[in-house]
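Q:
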Amino acid sequence: MKNTKESSCPCSSGKPYSSCCGHYLDQNETAATAENLMRSRYTAYTLKREDYLLATWHSSTRPASLDLTGQPAQQWLGLTVKRHEQTAADQAIVEFAARYKINGRAHRLHEISNFVREGGLWFYVDGEIL
Ligand SMILES: [Zn+2]
1 MKNTKESSCP
11 CSSGKPYSSC
21 CGHYLDQNET
31 AATAENLMRS
41 RYTAYTLKRE
51 DYLLATWHSS
61 TRPASLDLTG
71 QPAQQWLGLT
81 VKRHEQTAAD
91 QAIVEFAARY
101 KINGRAHRLH
111 EISNFVREGG
121 LWFYVDGEIL
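Numbering of the sequence shown is given in the numbering used here, commencing with residue 1 and proceeding in unit increments.
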């Protein structure tokens, strides 16, 4: 794994991890926008941080548990955020494409995710896979 704190952030922002998603994953900072939260959740998937994913999942749709250590392993290759739209004061959508490999085969996930803000915190609600 090359996802050390010194290398560039897995969310493909081009910034170092420590000054990008590391703020949210390691320093308990609050994501100011749904896009920042979405990026940090993608990074959490690459780092297998189930705790962070569950903490940022809205209670209405959050699974009881999450296991990212299953086989075959998903190898995340990169993220492209295509659209970020705040649709109401406390609602936003983020459209993204994420690339990954399973067993050496490349796949692409294209999704529109819904986010809500409660008590000043953004949460992932659900998504529509395109
Ligand atoms: Zn990042």
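Even for Gly, the Cβ is constructed at its ideal location relative to N, Cα and C.
What you are looking at is a predicted structure, and each value in this text was computed from that prediction instead of being measured.
With respect to 8 Å, is the separation between the Cβ of S60 and the closest non-hydrogen atom of ligand 1 below this value?
A: Along the sequence shown, one-based indexing puts residue 60 at 60. No; taking the cut-off as 8 Å, the Cβ of S60 has no heavy atom of ligand 1 nearer than that.
Q: First and last residue of the beta strand (DSSP E) that includes E58?
A: Taking the first residue of the sequence shown as position 1, residue 58 is located at position 58. The amino acid occupying residue 58 in the given sequence is His; Glu does not appear at that position. From DSSP, H58 is part of no beta strand (DSSP E); its letter is neither H nor E.
Q: So what's T80 in DSSP terms, helix, strand or just coil?
A: As a working note, residue 80 is residue 80 in the sequence shown. DSSP places T80 in strand when its eight states are reduced to three.
Q: With three or more C-beta pairs closer than 8 Å as the rule, is the segment 21-28 touching the segment 60-76?
A: Touching, no.
Q: Mind checking whether I112 and L130 have CB atoms under 9 Å apart?
A: As a first step, residue 112 is located in the sequence shown; it is residue number 112 there, counting from the start. As a first step, residue 130 is located in the sequence shown; it is residue number 130 there, counting from the start. Yes, the pair counts as a contact, with Cβ atoms nearer than the cut-off.
Q: On the DSSP bridge assignment, give the partners of S18 in chain order.
A: What you label residue 18 is simply residue 18 of the sequence shown in a count that begins at 1. Paired residue(s): none; S18 is not in a bridge.
Q: Among C9, L37, R41, A98, which residue has its Cα nearest to the Cα of L77?
A: Residue mapping note: residue 77 aligns to position 77 of the sequence shown, counting from 1. Residue A98 is the option with its Cα nearest to L77.
Q: Quick one: Cα of S13 to Cα of L66, how far?
A: On the sequence shown, position 13 is the one that residue 13 refers to. On the sequence shown, position 66 is the one that residue 66 refers to. Going from the Cα of S13 to the Cα of L66 covers about 26 Å.
Q: Nearest to K48 by CA position, among L68, G119, R62, is which residue?
A: Indexing the sequence shown from 1 puts residue 48 at position 48. For the residues L68, G119, R62, the minimum Cα distance to K48 belongs to L68.
Q: Determine the direct distance from the alpha carbon of P10 to that of T43, and round the result to whole angstroms.
A: Within the sequence shown, the letter at position 43 stands for residue 43. Within the sequence shown, the letter at position 10 stands for residue 10. Approximately 5 Å between the Cα atoms of the pair.
Q: In chain order, what residues of the same chain have a beta carbon less than 7 Å from the beta carbon of K82, not counting five sequence neighbours either side?
A: The count along the sequence shown starts at 1 and reaches residue 82 at position 82. So the list reads E95, F96, A97, once near-sequence residues are dropped.
Q: Considering only DSSP beta bridges, list what K101 is partnered with.
A: As a first step, residue 101 is located in the sequence shown; it is residue number 101 there, counting from the start. Bridge partners of K101: Q75, A106.
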